[in-house]
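Those letters in the sequence shown? Residues 67 to 475, by the numbering used here. Each residue gets a CB set at the ideal place from its N, CA and C atoms; glycine is no exception. All values reported here derive from a predicted model rather than from experimental measurement.
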Amino acid sequence: MRTGHAKVDAKPIIADLAAADQTVSWIEDELCRRLGRALAAQDASTDARRESGEAEILDAYNPDQLLDAITDATCLAAVKAVAATDEPSDRDGTWRLLVALARIVPHPDARIPAGTVEDLRTAVASFPEGSIVAAPTAAAQWCRDVFGTRFAITAPFAAADGTDRWYLWDIDVCGGESYTVGAGYFRDAEQAFAAWRSAVGLDATSGAQLEPVSDAQLAERILPGPSSIFRPGGESEPQYAEFHRCRRPAQELCRSEHLAGGMSTATVLPEQEVDKDAWIAEFMAWRAEHRPGRSVVPEDFPAEDEPLTEAEVYRELAFTWLSEEFPEFAYTCSPHRIALTAVGIRDLYNADFADVLLRIIPDLAAWLTDRVGFPDTAAARVRAYADSVVTPDTDLRDHIGNPTAQIRE
């Protein structure tokens with residue numbers, strides 16, 4: 067059923083782009099825009115149906131099903147066009163769309179449109195020009211915001227026709243996972259960097275500048291990986307437009323020698339873990355110095371069979387703050403990360419225990435901003451936001467939106 071709906075939505079996209087007398091690069095960009103439009107429209111329709119009382123929505127396809135439908139139909143039409151008596155322009159349009167798909171579809175499925183292009187180029191002398199080699203042509207660059215939890219990674223890639231373009235990934239790791247919250251091609255690195263600063267905020271990116279990637283393994287781990295039907299949800303139309311394309315250049319970059327220092331990162335990454343005990347001990351020592359005699363357990367905390375201990379509070383705080391996937395961010399802090407943590411605490415624990423944890427979030431923010439040495443403006447923003455989470459009626463959900471939201475810090 068879902069595949070059938072995807073095929074229906076794929077038809078007008080294929081027809082319009084096959085009829086377009088445009089370059090492969092134009093068709094590639096327009097294909098992404100049309101994918102974004104179709105996926106966002108489906109989300110809006112699904113939301114409306116839920117609000118109207120439909121209990122379960124079973125016919126909504128995922129992004130991969132739509133791209134698969136377009137790829138399969140285009141490959142079939144491109145092969146049939148060899149023997150067709152249509153006008154050359156009609157055949158060329160289908161073939162240019164096929165070349166664009168060969169540049170967008172992530173691996174391993176990229177072999178389907180790419181293999182069809184290679185077969186047709188062998189069989190048809192008039193097959194349109196256009197490179198399907200979507201490989202980086204120079205070293206990647208990156209930077210991060212003042213809070214240390216938002217990254218820009220950019221690199222130049224070979225274009226289908228014309229000059230190379232720089233692809234940008236705007237990556238947020240505030241929630242303990244990496245989300246590509248913005249992506250797209252730009253004329254050059256400077257334009258990509260300016261777009262990233264505008265999205266993240268000028269204060270949060272003050273002092274940031276693009277430089278060669280200094281940690282290739284971290285860069286590879288935060289770049290977008292294979293898509294999944296279990297998406298966090300809430301993607302915007304621009305995010306859907308780059309949903310597939312952001313993965314393909316990331317794959318090409320990680321396979322190349324351009325991610326960092328001429329060294330390919332296509333290797334098994336070592337397991338890492340954060341020393342939770344050391345993290346807790348350091349925070350406890352900071353509180354002992356700066357909050358002497360102030361217990362994290364309130365005197366009026368409701369009595370249980372076993373009284374709540376400070377050790378238990380610190381353990382649960384560490385559990386909510388630290389990420390097993392990205393241990394290197396144990397000591398980073400941002401307003402967005404605080405908001406995500408506070409919402410997680412309220413969702414995970416009962417109200418009384420959640421209040422205990424939230425009361426020490428301001429101390430956590432003060433410790434981390436001191437430890438990292440934040441600029442005064444950035445430290446003040448983090449601490450002010452941490453103070454606000456203590457208020458029981460603060461609706462932090464309005465501030466964080468969803469995990470894929472492109473937040474201005």
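Where residue i falls: helix, strand or coil (DSSP)
{"i": "Ile237", "result": "strand"}
{"i": "Glu277", "result": "strand"}
{"i": "Tyr306", "result": "helix"}
{"i": "Ala451", "result": "According to the sequence displayed, residue 451 carries Tyr and not Ala. Note: Tyr451 maps to helix in three-state DSSP."}
{"i": "Tyr251", "result": "strand"}
{"i": "Ala218", "result": "strand"}
{"i": "Arg353", "result": "helix"}
{"i": "Arg210", "result": "strand"}
{"i": "Pro202", "result": "strand"}
{"i": "Tyr245", "result": "strand"}
{"i": "Gln283", "result": "helix"}
{"i": "Tyr415", "result": "coil"}
{"i": "Gln472", "result": "coil"}
{"i": "Pro78", "result": "helix"}
{"i": "Glu348", "result": "helix"}
{"i": "His173", "result": "coil"}
{"i": "Leu268", "result": "coil"}
{"i": "Cys312", "result": "coil"}
{"i": "Ala150", "result": "coil"}
{"i": "Phe395", "result": "helix"}
{"i": "Val145", "result": "helix"}
{"i": "Leu167", "result": "helix"}
{"i": "Gly299", "result": "coil"}
{"i": "Gly102", "result": "helix"}
Pairwise C-alpha distance: residue j and residue i
{"i": "Ile473", "j": "Arg216", "result": "10 angstroms"}
{"i": "Ala307", "j": "Thr160", "result": "21 angstroms"}
{"i": "Thr271", "j": "Met67", "result": "46 angstroms"}
{"i": "Val455", "j": "Gln88", "result": "53 angstroms"}
{"i": "Thr398", "j": "Met350", "result": "17 angstroms"}
{"i": "Arg392", "j": "Ala285", "result": "A small correction: the amino acid at residue 392 is Phe; Arg does not occupy that position in the sequence shown. The alpha-carbon atoms of Phe392 and Ala285 are separated by roughly 11 angstroms."}
{"i": "Ser111", "j": "Ala384", "result": "40 angstroms"}
{"i": "Ile237", "j": "Ala149", "result": "46 angstroms"}
{"i": "Leu97", "j": "Pro78", "result": "11 angstroms"}
{"i": "Ala189", "j": "Ser118", "result": "53 angstroms"}
{"i": "Leu430", "j": "Leu424", "result": "10 angstroms"}
{"i": "Cys209", "j": "Ser264", "result": "14 angstroms"}
{"i": "Asp109", "j": "Asp75", "result": "13 angstroms"}
{"i": "Leu414", "j": "Asp125", "result": "31 angstroms"}
{"i": "Ala72", "j": "His324", "result": "36 angstroms"}
{"i": "Leu7", "j": "Phe259", "result": "What the structure shows of the chain is the stretch from 67 to 475, and residue 7 is not part of that stretch, so it cannot be assessed."}
{"i": "Thr407", "j": "Glu365", "result": "25 angstroms"}
{"i": "Cys320", "j": "Leu268", "result": "29 angstroms"}
{"i": "Pro304", "j": "Leu186", "result": "33 angstroms"}
{"i": "Ala107", "j": "Ser302", "result": "10 angstroms"}
Residue j beta carbon less than 7 angstroms from that of residue i
{"i": "Leu167", "j": "Pro129", "result": "no"}
{"i": "Val239", "j": "Phe395", "result": "yes"}
{"i": "Ser91", "j": "Gly228", "result": "yes"}
{"i": "Val362", "j": "Ala326", "result": "no"}
{"i": "Leu276", "j": "Ala261", "result": "no"}
{"i": "Ile411", "j": "Thr375", "result": "no"}
{"i": "Pro469", "j": "Gly241", "result": "yes"}
{"i": "Asp230", "j": "Pro194", "result": "no"}
{"i": "Pro373", "j": "Tyr451", "result": "no"}
{"i": "Pro315", "j": "Tyr233", "result": "yes"}
{"i": "Val165", "j": "Ile198", "result": "yes"}
{"i": "Trp345", "j": "Trp433", "result": "no"}
{"i": "Val340", "j": "Leu388", "result": "yes"}
With 16 other Cβ atoms within 10 Å as the buried cut-off, status of residue i
{"i": "Gln207", "result": "buried"}
{"i": "Ile47", "result": "Residue 47 falls outside the range modelled here, since the chain spans only 67 to 475, and no answer is possible."}
{"i": "Thr331", "result": "Residue placement at Thr331 is poorly supported in this model, since its pLDDT is 43, which falls under 50; the coordinates are not used for a value here."}
{"i": "Gln317", "result": "buried"}
{"i": "Arg437", "result": "exposed"}
{"i": "Ala417", "result": "exposed"}
{"i": "Val292", "result": "In the sequence under discussion, the amino acid at residue 292 is Pro, which differs from the Val named in the question. By the 10 Å Cβ count, Pro292 comes out exposed."}
{"i": "Ile136", "result": "buried"}
{"i": "Glu94", "result": "buried"}
{"i": "Asp211", "result": "buried"}
{"i": "Ile123", "result": "exposed"}
{"i": "Thr443", "result": "exposed"}
{"i": "Gly196", "result": "buried"}
{"i": "Arg116", "result": "exposed"}
{"i": "Gly248", "result": "buried"}
{"i": "Leu133", "result": "buried"}
{"i": "Ala114", "result": "exposed"}
{"i": "Arg381", "result": "exposed"}
{"i": "His310", "result": "buried"}
{"i": "Ala377", "result": "exposed"}
For residue i: DSSP bridge partner residues
{"i": "Arg231", "result": "Phe223"}
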